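Residue numbers (our numbering), protein chains in the order written: chain A, 4 to 50; chain B, 131 to 332.
Accompanying notes for the structure given below.
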Amino acid sequence: MKNTARNLYLALASVDSSKTRLVLFVLTVAMFAIAAGAPDAGGGMIR
Amino acid sequence: MILAAAVLAGFAAGFLRAARAGRPYRTPDLRYPALVLVAFLPQMFAFYLSRTDLPNLGGFGEWGRVILVISQLLLLVFVLFNRRQPGFWLLGLGLALNLLVILLNGGYMPISPETVRTIYPGVPDSQWQIGHRLGNGKDIVLLPEETRLWFLSDRFTFPEGWNLLVAFSFGDILIALGAFWLLWSLGGSSQPSPMLVNEESR
Chain A
4 MKNTARNLYL ALASVDSSKT RLVLFVLTVA MFAIAAGAPD AGGGMIR
Chain B
131 MILAAAVLAG FAAGFLRAAR AGRPYRTPDL RYPALVLVAF LPQMFAFYLS
181 RTDLPNLGGF GEWGRVILVI SQLLLLVFVL FNRRQPGFWL LGLGLALNLL
231 VILLNGGYMP ISPETVRTIY PGVPDSQWQI GHRLGNGKDI VLLPEETRLW
281 FLSDRFTFPE GWNLLVAFSF GDILIALGAF WLLWSLGGSS QPSPMLVNEE
331 SR
């Protein structure tokens, strides 16, 4: 159990690099903007 | 599309700003970012995958409006938790205005028949109906005189000749500006502005 927790911690720590954090942050902002907005850019109707 | 463009432009501008000043681009610690994913995923299935040939659930039918409102409420909670981040008040205001007009018009963003004809040139009127959802998107076709808070609906389009067939709301403009502001500001100094320091020392 202790080893599993340690491995999980190490895995999370390796994910928390600055570049990964930056990518996740930009993705979060992009998802927020797309979900919060409601523009109609075509395509929805023409199927 | 315009919102994704604002994110890309804001990130590029912020990155260039940081590079010119020889600073690293900062990444803020957002609180509860998982809320955004939880809000985004149902919308992806209801409004975006349903426009593609990927497996989809046909826009979730009438559940689309429930998904849209609940997911925007989740985003509002996310904004409240992160309100101290730059640009978030603009993001929150845009979101709140969109949510308000959506709630007052049956759970979808209203769009006028005139605007539908503008962004879907060549598509016959028989493809859509007043009072019904526009395809599998977030919009509902309503006459302006039957739309509550019409000025907050998807009533803006790009000028003819720009070849950008998009309809967007005032709330969308604020969200785009807020996203740009947030991403641009992270390329600046991490020092708080003198105005903020004065406010905090009171």
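Using N, Cα and C, we set each Cβ at its ideal position, and we do this for glycine too.
Since we're looking at a predicted model, the values are computed, not measured.
Check, Outcome
"Exposed or buried, TYR162 of chain B, counting other C-beta atoms within 10 Å across all chains shown (16 or more means buried)?", "exposed"
"Just list the alpha helix (DSSP H) runs in the stretch 263-316 of chain B, keeping only unbroken ones of 4 residues or longer that don't cross its boundaries, in chain order.", "300-315"
"Are LEU307 of chain B and THR31 of chain A closer than 8 Å when you measure CB to CB?", "no"
"Does the contact criterion of 3 or more C-beta pairs under 8 Å hold for the stretch 201-210 of chain B versus the stretch 141-158 of chain B?", "no"
"Please confirm whether PHE170 of chain B and ALA41 of chain A have their CB atoms less than 8 Å apart.", "no"
"Can you give me the Cβ contacts of ARG147 of chain B inside the same chain, cut-off strictly under 7 Å, excluding the 5 residues immediately before and after it?", "TRP314, GLY317 and GLY318"
"In whole angstroms, what separates the C-alpha of VAL231 of chain B from that of PHE300 of chain B?", "11 Å"
"Any C-beta of chain A within less than 7 Å: which residues of the stretch 191-205 of chain B qualify?", "SER201, GLN202 and LEU205"
"Starting from the beta carbon of SER20 of chain A, find every residue of chain B whose beta carbon is closer than 8 Å, and list them in chain order.", "Within chain B, no residue comes near SER20 of chain A; the closest Cβ sits about 11 Å away, beyond 8 Å."
"Nearest by alpha-carbon distance to LEU304 of chain B: which of B:ALA143, B:LEU223 and B:ARG195 is it?", "B:LEU223"
"Does any C-beta atom of chain A lie closer than 8 Å to the C-beta of SER315 of chain B?", "no"
"For MET239 of chain B, which three-state DSSP category applies?", "strand"
"Using the C-alpha atoms, what's the distance from TYR178 of chain B back to PRO185 of chain B?", "Residue confidence is low: PRO185 of chain B scores 45 on pLDDT, short of 50, so the model does not pin down where it sits. Its coordinate-derived value is still stated next. When rounded, the distance between both Cα atoms is 11 Å."
"Report all residues from its chain with a CB closer than 7 Å to the CB of SER216 of chain B; omit the five preceding and five following residues, and keep chain order.", "Checking the sequence, you will find Pro at residue 216 of chain B rather than Ser. The answer, listed in chain order, is TRP311, LEU312 and SER315."
"What do you get for GLN173 of chain B, buried or exposed, if any count of 16 or more other CB atoms within 10 angstroms of its CB means buried?", "buried"
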